[in-house]
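Residue numbers (this note's numbering), protein chains in the order written: chain A, 45 to 298; chain B, 4 to 136.
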């Protein structure tokens, strides 16, 4: 019996390193989100994050490599002007040298099938996107948003704080850009709340993205987005080449 | 279609369309390409290969039996994604014969979105099909 107990104790000790490795990494008292993350649309929605989404919100089912066809908005209720603009949208107008390399805002970019890299500091979190080489800086030092007169950009102005194990990122000052890739754009007054947390083993980054744009929508929109951690990987440069636009429709009979 | 992720095919039938790779801000796969139609095969001689984002372009001449030669342009997934699938800027050479399968443009032009590509002898180009997420 004593031998059996010794064996069981030894087995338990042997398991400890594995348990330690499985725990999420910590930094400055918070989960450390740092690393190279590759979008994975197969990750089930995280119940803890989903239940924090506000009422009257349409959760879009287009994360990653799936798009809505023309006229489908996943439950978003469009204002008449937004609907008219989407109906009038001619996608070929955007396939021009002047436009084809314009990035979307973070609302569309964060859900695309591209990896991101996060470097987390005490007072800032840097989120770099492979998509269009975008760089986001999230200030977690307690500052307020920029004044209303500050310029709007595709990454906007992001401030963040921790709620338990969850990083909450609040973004405004966004330039008008894509919501769904079929002609529906948000306005410059859109407001975005993102929540990021790690899976218990620290290998999956779970998030929700909520956006509110009363100028465009009668309800709110949200997405669930998740990434898998890959070790030893680096972002590839995007270096968008606008001459791509010249190739569309270039094939023809001789 | 391989690599669809969490959504079953029934979801596609319900109104969603598969984007065969990277989504661009305004370059919608669903709007430009017919994912609901069968992919089409082509065999041709490469005249140009551009490996730049947002999409690579392969241009080929297709010589059909008894038909005039046709110029085709084949749009690839984002090169920044294809690099992780074993592609690089030299993986396809001008003058070589390749076989491709892809989704045709909705407007009927000689333009398609690449699903997969092989050498003339059937050897796959890249380590995974180019058009799966």
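Note that CB positions come from ideal geometry on N, CA and C, so glycine has one too.
Because the structure is a prediction, the values reported are computed rather than measured.
query	result
Distance, residue 72 of chain A Cα to residue 286 of chain A Cα	42 Å
Residue-level contact to chain A via CB, residue 34 of chain B, 7 Å cutoff	yes
Reference residue 217 of chain A, options A:205, A:232, A:227, A:226, closest by Cα	A:232
Length of the line joining the Cα atoms of residue 230 of chain A and residue 110 of chain A	19 Å
Range of the contiguous beta strand (DSSP E) that encloses residue 62 of chain B	60-65
Nearest-angstrom beta carbon gap, residue 242 of chain A and residue 83 of chain A [assumed within contact, 8 Å]	Contact doesn't hold; Cβ gap of about 16 Å is too wide.
Beta-carbon separation (whole angstroms), residue 112 of chain A vs residue 224 of chain A, contact threshold 8 Å	5 Å
C-beta contact flag for residue 246 of chain A and residue 68 of chain A at 7 Å	yes
7 Å Cβ cutoff, residue 66 of chain B in contact with chain A	no
Touch test, the stretch 113-128 of chain A against the stretch 165-178 of chain A, Cβ-Cβ under 8 Å, three pairs minimum	no
Beta-bridge partners of residue 115 of chain B, as assigned by DSSP	B:77, B:107
Local Cβ density within 10 Å of residue 201 of chain A, reported as buried at 16 or more and exposed below that	buried
Run of the alpha helix (DSSP H) containing residue 131 of chain A, from where it starts to where it stops	124-132
Within 7 Å, strictly: CB atoms of residue 250 of chain A and residue 90 of chain A	yes
Listed by chain order, chain A residues near residue 55 of chain B by CB distance under 9 Å	283, 284, 285, 287, 288
7 Å Cβ cutoff, residue 97 of chain B in contact with chain A	no
Per-residue burial, residue 270 of chain A [other beta carbons within 10 Å of its own, 16 or more giving buried]	buried
Simplified DSSP state of residue 266 of chain A, which is helix, strand or coil	strand
Closer than 7 Å to chain E by CB, residue 263 of chain A	This model lacks chain E altogether; the protein chains it does include are A and B.
CB contact check: residue 220 of chain A to chain B, cutoff 7 Å	no
Residue nearest to residue 130 of chain B in terms of C-alpha spacing, selected from B:89, B:118, B:100, B:99	B:89
Between the CA atoms of residue 48 of chain B and residue 70 of chain B - distance to the nearest angstrom	16 Å
Residue 86 of chain B at chain A interface by Cβ criterion, 7 Å	yes
Interface residues of chain B facing residue 100 of chain A [CB-CB closer than 7 Å]	Near residue 100 of chain A there are no residues of chain B at all, since even the closest Cβ is about 22 Å away, more than 7 Å.
Chain B contacts from the stretch 267-280 of chain A (Cβ-Cβ distance under 9 Å)	277, 279, 280
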